[in-house]
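**Student:** Everything in the sequence shown is counted per the UniProt record's numbering, starting at 1 for the first residue and increasing by one.
By construction, the Cβ of each residue, glycine as well, lies at the ideal position given by its N, Cα and C atoms.
Quantities reported herein were computed from a predicted structural model and do not represent experimental measurements.
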Amino acid sequence: MGFCSNGREESEMYHAQIHLYKHVYNFVSSMALKSAMELGVADAIHSHGEAMTVSELASALKLHPSKVSVLHRFMRLLTHNGFFAKTTVASRKEGGGGGEETVYDLTPPSKLLIRSKSTCLAPIVKGALHSSSIDMWHSSKKWFTEDEKELSLYESAKGEKAMAADSGMLKIALEECKHVFEGLGSLVDVGGGTGTLTRLINELFPHMKCTVFDQPQVVANMTGTENLNFIGGDIFKSIPSADAVLLKWVLHDWNDELSVKILKNCKEAISGKGKEGKVIIIDIAIDETSDDRELTELKMDYDLVMLTMFNGKERDRKEWEKIIYDAGFSSYDITPICGFKSLIQLYP
Ligand SMILES: C[S@@+](CC[C@H](N)C(=O)[O-])C[C@H]1O[C@@H](n2cnc3c(N)ncnc32)[C@H](O)[C@@H]1O
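Printed below as a string of C-alpha cells:
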C-alpha cells in the first residue's frame, strides 16, 4: 500500500502531524505565559484601568522600542490561548483621523496574574516553569532505565511560597465547603506550611482551636494567636490530637505505602472523638468518566509533576479507596471543589 494512497489516509496523517506538533510545541504556550507573568502584562493593564494597545503596553512595561512587534506576536498567542481579549476601537490618539486600533484587555485567567490581588497565582507559574522544574525532564530516559527514586529534589522554600499562593485561592472555595468544618471544636492542619489556609479557617470559625502541624524548620518562626497554634513534628511519627485532621495537598507528595502510614497517624489523632472524628483531604482525584478532557489532562499533568518531583502521585477513586481502607477507615466520600481539586472526607 502506497504512502498517502487515498484521501482518508492523507487527512488522517495531516491530523496526526498537527496533533504531534501541537504537543511538541505546547511548551511555547507555557513559556509565553511565563514571559507575560515576568513582564507584568496583567499588572500593567490592571493599573491602566482599561484595555491597552500593544504600544501603550510596551511603553508601560518599559520595553526596548525594537520589541513592540515581538510583544504583538506574544499577545496574539496569549489572546488565542484565552489570557487576553482583543477588541477594535476608534483610535484614541490625538488626531487619530477616524482610524481604529486594537486594544487588549484582561480575561478571568490573566486576572489571576495580578500581583496586588490575594488570588494571584503568579508564584505558581514561576515555580512550575522554573528551570529546575523543567531541567529534570531532560534526564527522564536515564531515570527510566535506572533504579533512581526521584528525578529531582523539591526546593522546599520555593514550593512553600507557591503553596501559600494556592491557599489564597481557597478563600473562595472555603465558602463553598464551609459546612465541612461546622461543629468542629478543634482541627489540625497536617503539613499546613505557614498556615495560610488555617488562618482563613480560623477567621471563619474563630472559636475552633486550630493547629498548624509541619516540619520544625517550617513553623519555627511562626507566631500563633489564642486559637491558632503552630507545632513542629513529623507526620510519620505522630500527629497532635483534634476533632478533625486536614490534609491539603500533602498525600499527593507521597507514594501509597507512606500515604497509608500518614493516614494511620491521622486516624490515631482523631480517635479521641470516636466515630464523630474525621479526616478532611483536599487533593486531586482523577475522574476520566465525569471530567472533561481538558480537566483530566491537567490532573494527569499534575500526576507526572508529583512523580518527577517527589515520587508522589495523583490518584483516581480506586487508588484513593485502596489507601483509605488500608489505613483502617470505614467509609469516605469524594466531592469536586475549587475547579480541579476534590474534597475527600474519611470516617473512622
Ligand atoms: C505540598 S506542601 C502543602 C502545604 C499546605 N498544606 C498547602 O496546601 O499550602 C506539603 C507540606 O508537608 C510538609 N511536610 C513534609 N514532610 C513532612 C513531615 N515529615 N512532617 C511534617 N510535615 C511535613 C512540608 O513541609 C510542606 O509544608
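Since glycine 195 contacts valine 212 with CB under 8 Å, what's their CB separation in whole angstroms?
**Tutor:** With a Cβ gap of about 4 Å, glycine 195 and valine 212 count as contacting.
**Student:** Flag this pair as yes or no: are the beta carbons of isoleucine 45 and serine 116 separated by less than 9 Å?
**Tutor:** No, the Cβ-Cβ distance between isoleucine 45 and serine 116 is not below 9 Å.
**Student:** If the criterion is Cβ atoms closer than 9 Å, does the pair serine 133 and methionine 309 meet it?
**Tutor:** Yes, these two residues count as a Cβ contact at 9 Å.
**Student:** Examine the Cβ distances between the segment 328-337 and the segment 267-283 and report whether three or more of them are shorter than 8 Å.
**Tutor:** These segments touch.
**Student:** Return yes when at least one heavy atom of ligand 1 lies under 8 Å from the C-beta of aspartate 303, else no.
**Tutor:** No, the beta carbon of aspartate 303 sits no closer than 8 Å to any heavy atom of ligand 1.
**Student:** Buried or exposed, going by whether 16 or more other CB atoms sit within 10 Å of the CB of glutamate 182?
**Tutor:** Exposed, because fewer than 16 other Cβ atoms sit within 10 Å of the Cβ of glutamate 182.
**Student:** By Cβ distance below 7 Å, which residues in the same chain neighbour lysine 34 in space, the five residues on each side in sequence not counted?
**Tutor:** Once the five neighbours on either side are set aside, the close Cβ partners of lysine 34 are Val125 and Leu129.
**Student:** Keeping to the same chain, check which residues put their C-beta closer than 8 Å to that of arginine 92; ignore five residues upstream and five downstream.
**Tutor:** Only Glu101 meet the Cβ criterion.
**Student:** For the beta strand (DSSP E) containing lysine 117, name the first residue and the last one.
**Tutor:** That residue, lysine 117, is in no beta strand (DSSP E); it is neither H nor E in DSSP.
**Student:** Which one of Gly98, Glu203, Asn81 and Glu94 has the shortest CA to CA distance from proline 108?
**Tutor:** Among Gly98, Glu203, Asn81 and Glu94, the Cα nearest to that of proline 108 is on Asn81.
**Student:** Buried or exposed for leucine 153, please, with buried defined as at least 16 other CB atoms from any protein chain shown within 10 angstroms of its CB.
**Tutor:** Any reading at leucine 153 must be qualified, since the residue scores a pLDDT of 45, below 50, and its modelled position is unreliable; no value is offered.
**Student:** Quick one: complete alpha helix (DSSP H) runs, 4+ long, within the segment 214-260?
**Tutor:** If we require 4 residues or more, the alpha helix (DSSP H) runs fully inside the segment 214-260 come out as 216-219.
**Student:** Quick one: is the Cβ of valine 279 within less than 8 Å of any heavy atom of ligand 1?
**Tutor:** False, no ligand heavy atom lies under 8 Å from that Cβ.
**Student:** May I have the straight-line CA-CA distance separating glycine 2 from glutamate 10, to the nearest angstrom?
**Tutor:** The predicted position of glycine 2 is uncertain, since its pLDDT is 45 and thus under 50; no value can be drawn from it.
**Student:** Which residues mark the beginning and the end of the alpha helix (DSSP H) in which leucine 106 is found?
**Tutor:** Per DSSP, leucine 106 belongs to no alpha helix (DSSP H); it is in the beta strand (DSSP E), 100-106.
**Student:** Using the C-alpha atoms, what's the distance from proline 65 back to tyrosine 104?
**Tutor:** Roughly 19 Å between the two C-alpha positions.
**Student:** Apart from the five residues just before and just after tyrosine 325, which ones in its own chain have a Cβ nearer than 8 Å to its Cβ?
**Tutor:** Excluding sequence neighbours, tyrosine 325 sits near nothing in its chain.
**Student:** Should asparagine 227 and histidine 252 be called a contact, given that it needs their Cβ atoms to be closer than 9 Å?
**Tutor:** Their beta carbons are not under 9 Å apart, which means asparagine 227 does not touch histidine 252 by this criterion.
**Student:** Looking at the structure shown, is threonine 289 part of a helix, part of a strand, or coil, going by DSSP?
**Tutor:** If DSSP states are grouped into helix, strand and coil, threonine 289 belongs with coil.
**Student:** Can you tell me whether threonine 289 is buried or exposed, with buried defined as 16 or more other CB within 10 angstroms of its CB?
**Tutor:** Exposed.
**Student:** What residue range does the beta strand (DSSP E) around aspartate 189 cover?
**Tutor:** Residues 186-190.
**Student:** Specify whether the segment 235-242 and the segment 216-224 touch according to this definition: at least 3 beta carbon pairs, one from each stretch, less than 8 Å apart.
**Tutor:** With a cut-off of 8 Å, the segment 216-224 and the segment 235-242 do not count as touching, because too few Cβ pairs lie within range.
**Student:** When the Cα of serine 271 is compared with those of Gly328, Lys318 and Lys86, which residue comes out closest?
**Tutor:** It is Gly328 whose Cα lies nearest to the Cα of serine 271.
**Student:** If the criterion is Cβ atoms closer than 9 Å, does the pair glycine 192 and lysine 267 meet it?
**Tutor:** For glycine 192 and lysine 267, no; Cβs fall outside 9 Å.
**Student:** For the segment 301-326, which segments carrying the beta strand (DSSP E) assignment without a break, of at least 3 residues, lie completely within its bounds, in sequence order?
**Tutor:** Taking only runs of at least 3 residues, no beta strand (DSSP E) segment lies wholly in the segment 301-326.
**Student:** What do you reckon, are the CB atoms on alanine 285 and glutamate 314 nearer than 9 Å?
**Tutor:** Contact flag set, yes.
**Student:** Can you have a look at methionine 75 and say buried or exposed, based on whether 16 or more other CB atoms are within 10 angstroms of its CB?
**Tutor:** So methionine 75 ends up on the buried side.
**Student:** Can you tell me the Cβ-Cβ gap for residue 372 and leucine 184, rounded? I've got them flagged as a contact below 8 Å.
**Tutor:** It is not possible to answer for residue 372, since the shown part of the chain is limited to 1 through 348.
**Student:** With DSSP as the reference, please indicate the residues paired to threonine 194 in a beta bridge.
**Tutor:** BP columns for threonine 194 are empty, so no partner.
**Student:** Under the criterion of a Cβ to heavy atom distance below 8 Å, does threonine 289 qualify as lining ligand 1?
**Tutor:** Threonine 289 Cβ: outside cutoff for every heavy atom of ligand 1.
**Student:** If you reduce the DSSP assignment to three classes, tell me which class asparagine 342 lands in.
**Tutor:** What sits at residue 342 in the sequence shown is serine, not asparagine. Here serine 342 sits in strand by DSSP.
**Student:** Is residue 402 near ligand 1, with its Cβ less than 8 Å from a heavy atom?
**Tutor:** Residue 402 is absent from the structure shown; the chain starts at 1 and stops at 348.
**Student:** State buried or exposed for alanine 157, treating a residue as buried only when at least 16 other CB atoms are found within 10 Å of its CB.
**Tutor:** Note that alanine 157 scores a pLDDT of 39, beneath 50, so its modelled location is shaky and nothing firm can be said.
**Student:** Here's the rule: buried if 16 or more other CB atoms are within 10 angstroms of the residue's CB, otherwise exposed. What is valine 54?
**Tutor:** Buried is the call here.
**Student:** If you reduce the DSSP assignment to three classes, tell me which class isoleucine 172 lands in.
**Tutor:** Helix at isoleucine 172.
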